[in-house]
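A short worksheet on the structure shown next.
Numbering (the working numbering), first residue to last: 1 to 326.
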């Protein structure tokens, strides 16, 4: 089979290549899956450089999440050959066949394509864990979503709107604002540049935001401390800007807000029953067509470099989905 392997860590993808290798052998407790679609996430790019907090030893097969069809499974796994599934692991999804622990899989929501299923998992799990599980989002609250052109950001905008919130979506690229508005229909869409607190205040009628969802970090995080309402949450989702910000603790003390770290995968591992409940809630929303993953482009796995480079250069509005074997 073909798989995308990170042979050596590098800053320019020179250590990553599509290779022919033996298909995996299923071990007890695992499910063998024919991959039909696998989506690209920012951690996948970071792991090629060794810049993510999870640092697998090279060589390894890249890819966090996928959708496909079960080939083999234990009778006790809850899955059978022919079942359509979504899920993944920290690595391994960018391959024609994967073997994944049964706990890392769930049924493909009815009515969803493999590409949509592959694009939904990590993004909506992160959005739901942050906004609903940790943020206790209520209808009518104001939510500011940074990095709203990315898969996670668009999922957060989509979910927040579905839950009845009022949403300000931001991007660091002005040309993306119209595309974000067309795809996700936030209440407002602004450029996250300089002192954007004034724009947030004007939009919310000086109420500011109950939740700020921040996958960007850096200067955006710094300014976001001025955008959180008293009693609100500033959620730390990631650092796509490349800079991990600092905060003086007197700021949340005086303004009465919380800084909350968000790692949806780790949350689900530590609290498996809550993780199952979150997955079920997302699946129900998808089956009811209340949420829709945004896909920027679908590519054969042979064009993996195009997808990675588009993510690196911040061209994307939505997810890249690879189709192994096509």
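Yeah, the Cβ is synthetic: ideal placement off N, Cα and C, and Gly gets one too.
*Do you know whose CA, among 222, 230, 7, lies nearest residue 254's CA?*
By alpha-carbon distance to residue 254, the top candidate from 222, 230, 7 is 230.
*Can you tell which of 93, 81, 211 has the C-alpha that lies nearest to the C-alpha of residue 321?*
Selected option, being the one with the closest Cα: 93.
*So which of 50, 160, 187, 32 has the shortest CA-CA distance to residue 130?*
Ranking the options by Cα distance to residue 130, first place goes to 160.
*In this structure, does DSSP put residue 231 in helix, strand or coil?*
Residue 231: strand per DSSP, three-state reduction.
_Pop quiz: residue 259 and residue 237 are said to be a contact at Cβ under 8 Å. What is the actual Cβ separation, rounded to whole angstroms?_
Wrong, their Cβ atoms sit about 12 Å apart, outside the cutoff.
_So, for residue 116: in the same chain, excluding its five sequence neighbours on each side, which residues have a beta-carbon less than 6 Å away from its beta-carbon?_
So the qualifying residues of the chain are 293.
*Can you list, in chain order, the stretches of the beta strand (DSSP E) that have 3 or more residues and sit fully within the stretch 291-316?*
Counting only runs of 3 or more, we get 295-300.
*Classify residue 211 as helix, strand or coil using the three-state DSSP reduction.*
In the structure shown, residue 211 sits in a strand (DSSP, three-state: E or B).
*Does the distance from the C-beta atom of residue 157 to that of residue 173 stay below 8 Å?*
In this structure, residue 157 keeps its C-beta atom at 8 Å or more from the C-beta atom of residue 173.
_Can you tell me whether residue 272 is helix, strand or coil according to DSSP?_
When secondary structure is reduced to three states using DSSP, residue 272 falls in the helix class.
_Please return the same chain residues whose Cβ sits closer than 7 Å to the Cβ of residue 190, not counting the five positions on each side in sequence._
Taken in chain order, the residues that qualify are 168, 170, 196, 199.
*Roughly how many whole angstroms lie between the Cα atoms of residue 2 and residue 128?*
Roughly 33 Å between the two C-alpha positions.
*asked:* Using C-beta distances below 6 Å, list every residue in its chain close to residue 125, excluding the 5 sequence neighbours before and after it, in chain order.
replied: 264.
_Based on DSSP bridge pairs, tell me the residues matched to residue 68._
Partner(s): 35, 85.
*asked:* Cutting at 7 Å between CB atoms, please list the residues of its own chain near residue 286, excluding the five before and the five after it.
replied: Same-chain partners within the cutoff: 109, 112, 120.
*asked:* Per the DSSP calculation, residue 107 is bridged to which residue(s)?
replied: DSSP, once it has assigned bridges, lists 85 as partnering residue 107.
*Per-residue DSSP class, three states only, for residue 413*: In this structure the chain extends from 1 to 326, so residue 413 is not present and cannot be described.
*Given that a residue counts as buried once 16 or more other Cβ atoms are within 10 Å of its Cβ, and exposed if not, what is residue 66?*
With a threshold of 16 other beta carbon atoms within 10 Å, residue 66 meets it and is buried.
_Tell me the DSSP secondary structure of residue 73 in three-state form._
Residue state, collapsed to three classes: strand.
*Report buried or exposed for residue 206, applying the criterion of at least 16 other Cβ atoms within 10 angstroms of its Cβ.*
Exposed: under 16 other Cβ atoms inside 10 Å.
*Are there three or more Cβ pairs, one per stretch, closer than 8 Å when the stretch 79-88 is compared with the stretch 10-24?*
At 8 Å Cβ cutoff, the stretches do not touch.
*Should residue 179 be labelled buried (16 or more other beta-carbon atoms within 10 Å of its own) or exposed?*
It is buried - the Cβ of residue 179 has at least 16 other Cβ atoms within 10 Å.
*For the stretch 68-75 and the stretch 28-38, state whether three or more C-beta atom pairs, one from each stretch, are separated by less than 8 Å.*
The answer is yes - the stretch 28-38 touches the stretch 68-75, with three or more Cβ pairs under 8 Å.
*Buried or exposed (CB count within 10 angstroms, at least 16 for buried), residue 54*: By the neighbour-count criterion, in which 16 or more other beta carbons inside 10 Å mark a residue as buried, residue 54 falls on the exposed side.
*Drop a sphere of 10 angstroms on the beta-carbon of residue 244, count the other beta-carbons inside from all chains shown, and report buried for 16 or more, exposed for fewer.*
Residue 244 is exposed by the Cβ-count criterion.
_Proximity below 8 Å, CB of residue 118 to CB of residue 86_ = Inclusion of residue 118 and residue 86 in the CB contact set at 8 Å is warranted, their separation being smaller than that value.
*Of the residues 289, 186, 146, 276, which one's Cα is nearest the Cα of residue 223?*
Put simply, of 289, 186, 146, 276 the residue whose alpha carbon is nearest the alpha carbon of residue 223 is 146.
*When the Cα of residue 328 is compared with those of 40, 220, 45, 268, which residue comes out closest?*
Absent from the structure is residue 328, since the part of the chain shown begins at 1 and ends at 326.
*If you compare alpha carbons, which of 218, 298, 291, 123 is closest to residue 193?*
Looking at the Cα atoms, 218 is the closest of the given residues.
*Beta-carbon gap between residue 49 and residue 18 smaller than 8 Å*: Going by C-beta atoms, residue 49 is not nearer than 8 Å to residue 18.
_Could you compute how far the alpha carbon of residue 300 sits from the alpha carbon of residue 323?_
One C-alpha to the other measures close to 5 Å.
*Does the Cβ-Cβ distance between residue 137 and residue 165 come in under 8 Å?*
Yes; because the gap between Cβ atoms is below 8 Å, this pair is in contact.
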